[in-house]
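Everything on this sheet refers to the single structure shown next.
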Ligand SMILES: NC(=O)C1=CN([C@@H]2O[C@H](COP(=O)(O)OP(=O)(O)OC[C@H]3O[C@@H](n4cnc5c(N)ncnc54)[C@H](O)[C@@H]3O)[C@@H](O)[C@H]2O)C=CC1
Ligand SMILES: O=C(O)C(=O)COP(=O)(O)O
């Protein structure tokens, strides 16, 4: 039975799903060293933001197939290392969107109305009203930095509260911003015009310390900043000083460069600084959503099924997968076949989508072809996650083309491998019942279904050859399931494709190549 380690606190609904297919161990108190020691026996790891899934952890996890992040941000997971090792990383892209957006809005209102400080004051026995005079958000300008899922919901609600909206997001169109009632502007404009600035961006080299002493100095003395996205996008010392000095009006922060927050100037700022311990996703609803979403994906992957929100399988979302699945199988089979025909080191793989297949997204098909191509060398170590990286590391150049003018079947796929031992090409298609057919090998038209064991020969089209191969195989007790010859001209070159019931012994292949007229012979295992 598979084993799953859950190393951060996740909702029981997720544990229940995992328990259907695996032994689930929940241990939320592991030190980094203990995690490295424990991980080798696990097939899957489920975390939130607390566990640091470092290179060391991933490399120690030699059984790991999947790492599930019960939330959005995967910055606590070394995704490149996971990818290189063929480990799927999944998250829950939408499970906590509303929770994080509502927390940002709650932080904005808490800050404007001094709710945390007023609460503290009443609880300490006082009745202070004058010093807690707040300000309204109505008709104020909110600058949304990062107009993705969470930023969009914040914008929608803020608009309903009567706020004017500016947005900065270099990857969002002006039309999308307009739909949300936001004016897309540059960052400078947000810094100088906004009364409130809310951040909803990932932590990347571009967003690191986006809010710093210089940008804070451009803001109005009343501007309030809310960060429920990621620590590190604000220079914490600079914002502590800016609030303390009155350079800006206040800040409400849920996330910090280092978590848990240690010794920090932020803790010492008296008024107008609201701090929460990374609570953005901490609602009952969000925790159920993310735990179920990620547990289902871990369960599926452990059962050999694809994950729906893998962050390291580009372009393979569930819709694409469903539509392309038969073609992905075809691409993998053809990749495997052309890799075996090519024999030695492949330097270039040409992938051509033909006919109706040209309407499809090519990237997953290319990945599937590479997975097939590399499967002889890497066996089960290669998968959809690492096929592209493994190919790149082996120096395999991939050239994709599309040719809509080919009208065979309902779309076909041609792969050509150029390698140290020469060039080979195969073409394949799907019949109306989704059955695979190999329709061309090295330019010779054929029509055969792929088979576990196959024999391909390149020979001169002349009488007697087929008979000789047939009796040779008979002598070695190899049963032929089907046989087909493809040729372009009579008595020219031809290919013969035999499907056989058993693997072909090596010495039979040597005997076949000795037959006069046989140029080459290849045994194939699919
Ligand atoms: N505090 C908490 O508990 C939670 C925090 N988060 C964090 O909130 C952030 C946003 O999450 P989602 O909205 O789900 O992600 P998303 O991917 O839907 O949106 C992020 C947006 O940021 C934009 N962006 C990227 N680089 C940018 C840059 N340099 N400048 C401006 N915009 C940029 C992207 O184009 C995208 O539209 C993430 O960092 C996530 O980890 C998410 C959930 C809970
Ligand atoms: O989903 C995210 O990106 C979050 O930041 C939520 O973090 P958490 O799962 O609450 O530790």
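In this note's numbering, the protein residues as written are 887 to 1412.
Ideal placement from N, C-alpha and C gives every residue a C-beta, glycine not left out.
Legend entry - Reduced DSSP secondary structure (H/G/I, E/B, other) of residue 1331: In the chain shown, counting from the first residue as 1, residue 1331 sits at position 445. Three-state result, residue 1331: strand.
Inset, instruction - Give every residue of the same chain whose Cβ lies closer than 6 Å to the Cβ of residue 1334, excluding the five residues on either side of it in the sequence, and list them in chain order. - result: Here the question's residue 1334 lines up with position 448 in the chain shown. Cβ within range, chain order: 1324, 1370 and 1383.
Legend entry - Straight-line Cα distance separating residue 1068 from residue 1130: Indexing the chain shown from 1 puts residue 1130 at position 244. Indexing the chain shown from 1 puts residue 1068 at position 182. About 31 Å.
Legend entry - Residue from 1302, 1266, 1296 and 991 with nearest C-alpha to residue 1282: Numbered from its first residue, the chain shown carries residue 1282 at position 396. Residue 1282 has its Cα closest to that of 1302, out of 1302, 1266, 1296 and 991.
Legend entry - Option in 1147, 1251 and 1372 with minimal Cα separation from residue 936: On the chain shown, position 50 is the one that residue 936 refers to. That would be 1147, whose Cα lies nearest to the Cα of residue 936.
Inset, instruction - Answer yes if the segment 1034-1054 comes into contact with the segment 1077-1091, meaning at least three C-beta pairs across the two stretches below 8 Å, and no otherwise. - result: yes
Legend entry - Same chain only: Cβ atoms within 6 Å of residue 911, ignoring 5 sequence neighbours per side: Numbered from its first residue, the chain shown carries residue 911 at position 25. Within the same chain, residue 911 has close Cβ partners 891.
Legend entry - Buried or exposed by the 16-neighbour rule on C-beta atoms within 10 Å, applied to residue 1189: Within the chain shown, residue 1189 is the residue found at index 303, counting from 1. The residue is exposed, with fewer than 16 neighbouring Cβ atoms inside 10 Å.
Legend entry - Per-residue DSSP class, three states only, for residue 1086: Here residue 1086 is taken as the residue at index 200 of the chain shown, counted from 1. Secondary structure at residue 1086: coil, using DSSP grouped into helix, strand and coil.
Inset, instruction - With a 10 Å radius around its C-beta and 16 neighbouring C-beta atoms as the bar for buried, classify residue 1293 as buried or exposed. - result: The count along the chain shown starts at 1 and reaches residue 1293 at position 407. By the neighbour-count criterion, in which a residue is buried when 16 or more other Cβ atoms sit within 10 angstroms of its Cβ, residue 1293 is exposed.
Inset, instruction - State the Cα-Cα distance for the pair residue 1015 and residue 1141, rounded to the nearest angstrom. - result: Here the question's residue 1015 lines up with position 129 in the chain shown. Here the question's residue 1141 lines up with position 255 in the chain shown. Approximately 30 Å between the Cα atoms of the pair.
Legend entry - residue 1121 to residue 1093 span [Cα, whole Å]: Your numbering for residue 1121 matches position 235 in the chain shown. Your numbering for residue 1093 matches position 207 in the chain shown. Answer to the nearest angstrom: the Cα atoms are 11 Å apart.
Inset, instruction - Just mark residue 1343 as buried or exposed, buried being the case when its beta carbon has 16 or more other beta carbons within 10 Å. - result: The residue given as residue 1343 occupies position 457 in the chain shown. It counts as buried.
Inset, instruction - Out of 1128, 1075 and 1410, point me to the one whose CA is closest to residue 1385's CA. - result: Position 499 of the chain shown holds residue 1385. Checking every option, the nearest Cα to that of residue 1385 belongs to 1410.
Legend entry - Unbroken beta strand (DSSP E) run spanning residue 931, endpoints: Numbered from its first residue, the chain shown carries residue 931 at position 45. Counting along the chain, the beta strand (DSSP E) containing residue 931 begins and ends at 930-933.
Inset, instruction - Compare the C-alpha of residue 1164 against each of 1315, 916, 966 and 987 and name the closest. - result: Here residue 1164 corresponds to residue number 278 of the chain shown, with the count starting at 1. Nearest of 1315, 916, 966 and 987 to residue 1164, Cα basis: 987.
Legend entry - First and last residue of the uninterrupted alpha helix (DSSP H) at residue 1162: Walking along the chain shown from the start, residue 1162 turns up at place 276. Looking at the DSSP string, residue 1162 is not in any alpha helix (DSSP H), and its letter there is neither H nor E.
Inset, instruction - Quick one: grab the DSSP three-state call for residue 890. - result: Numbered from its first residue, the chain shown carries residue 890 at position 4. In the structure shown, residue 890 sits in a strand (DSSP, three-state: E or B).
Legend entry - Beta-carbon proximity list for residue 1298, same chain, < 8 Å, skipping 5 on both sides: Numbered from 1 along the chain shown, position 412 holds the residue referred to as residue 1298. Once the five neighbours on either side are set aside, the close Cβ partners of residue 1298 are 1240, 1241, 1243, 1292, 1313, 1314, 1315 and 1325.
Inset, instruction - Measure the alpha-carbon distance for residue 1167 versus residue 1055 and round it to whole angstroms. - result: Against the chain shown, residue 1167 aligns to sequence position 281. Against the chain shown, residue 1055 aligns to sequence position 169. When rounded, the distance between both Cα atoms is 22 Å.
Legend entry - Three or more C-beta pairs below 8 Å linking the segment 1254-1273 and the segment 963-982: Of all C-beta pairs linking the segment 1254-1273 to the segment 963-982, three or more are shorter than 8 Å, placing the two stretches in contact.
Inset, instruction - Please name the residue in 1128, 952, 1136 and 1348 whose C-alpha comes closest to that of residue 1372. - result: As a first step, residue 1372 is located in the chain shown; it is residue number 486 there, counting from the start. Ranking the options by Cα distance to residue 1372, first place goes to 1348.
Inset, instruction - For residue 1264, I'd like the list of residues in its chain whose CB is within less than 8 Å of its CB, leaving aside the five on either flank, ordered along the chain. - result: Along the chain shown, read from residue 1 onward, the residue named residue 1264 stands at position 378. Result list for residue 1264: 1276, in chain order.
Legend entry - heavy atom of ligand 1 below 7 Å from residue 1195 C-beta: On the chain shown, residue 1195 is found 309 positions in, with the first residue counted as 1. Checking every heavy atom of ligand 1 against the Cβ of residue 1195, none is found closer than 7 Å.
Inset, instruction - Alpha carbon to alpha carbon, how far is residue 1219 from residue 1118? Give it in angstroms, no decimals. - result: Here residue 1118 refers to the residue found at position 232 of the chain shown. Here residue 1219 refers to the residue found at position 333 of the chain shown. C-alpha separation (whole angstroms): 46 Å.
Legend entry - Identity of the residue in 1357, 1346 and 995 nearest residue 1378 by Cα: Residue numbering aside, residue 1378 sits at position 492 when the chain shown is read from its first letter. Comparing Cα positions, the closest option is 1346.
Inset, instruction - Report the three-state DSSP secondary structure of residue 1057 (helix, strand or coil). - result: Locating residue 1057 in the chain shown gives position 171, where the first residue counts as 1. Of the three classes helix, strand and coil, the one that applies to residue 1057 here is coil, per DSSP.
Inset, instruction - Give the C-beta separation of residue 1176 and residue 957 to the nearest angstrom, bearing in mind that I take them to be a contact with Cβ-Cβ under 8 Å. - result: Position 290 of the chain shown, counted from the first residue, corresponds to residue 1176. Position 71 of the chain shown, counted from the first residue, corresponds to residue 957. Going by Cβ atoms, the distance from residue 1176 to residue 957 rounds to 5 Å, so yes, they are a contact pair.
Inset, instruction - Reducing DSSP to helix, strand and coil, say where residue 1372 ends up. - result: For the purposes of this step, residue 1372 is taken as the residue at position 486 of the chain shown. Correct three-state label for residue 1372: strand.
Inset, instruction - May I ask you to verify whether the segment 920-932 touches the segment 940-949, counting CB pairs closer than 8 Å and requiring at least 3? - result: yes
Inset, instruction - Just the C-alpha distance for residue 997 and residue 1138, rounded to the nearest angstrom, thanks. - result: Against the chain shown, residue 997 aligns to sequence position 111. Against the chain shown, residue 1138 aligns to sequence position 252. C-alpha separation (whole angstroms): 7 Å.
Inset, instruction - Mark residue 1009 as exposed unless 16 or more other C-beta atoms lie within 10 angstroms of its C-beta, in which case mark it buried. - result: Residue 1009 sits at position 123 when you count from the first residue of the chain shown. Answer is exposed; the Cβ neighbour count stays below 16.
Inset, instruction - Measure the C-alpha to C-alpha separation of residue 1066 and residue 1183 and round it to an integer number of angstroms. - result: Position 180 of the chain shown, counted from the start, is the residue given in the question as residue 1066. Position 297 of the chain shown, counted from the start, is the residue given in the question as residue 1183. Taking the straight line from one Cα to the other gives about 32 Å.
Inset, instruction - Could you tell me which residues DSSP puts in a beta bridge with residue 1311? - result: Translated into the one-based positions of the chain shown, residue 1311 becomes position 425. DSSP, once it has assigned bridges, lists 1302 as partnering residue 1311.
Inset, instruction - Could you give the DSSP three-state label for residue 1081: helix, strand or coil? - result: On the chain shown, residue 1081 is found 195 positions in, with the first residue counted as 1. In the structure shown, residue 1081 sits in coil (DSSP, three-state: anything other than H, G, I, E or B).
Inset, instruction - Report the rounded CA-to-CA distance for residue 1254 versus residue 1286, giving the unit in angstroms. - result: Sequence index remark: in the chain shown, residue 1254 carries index 368 (1-based). Sequence index remark: in the chain shown, residue 1286 carries index 400 (1-based). So the alpha carbons of these two residues sit roughly 13 Å apart.
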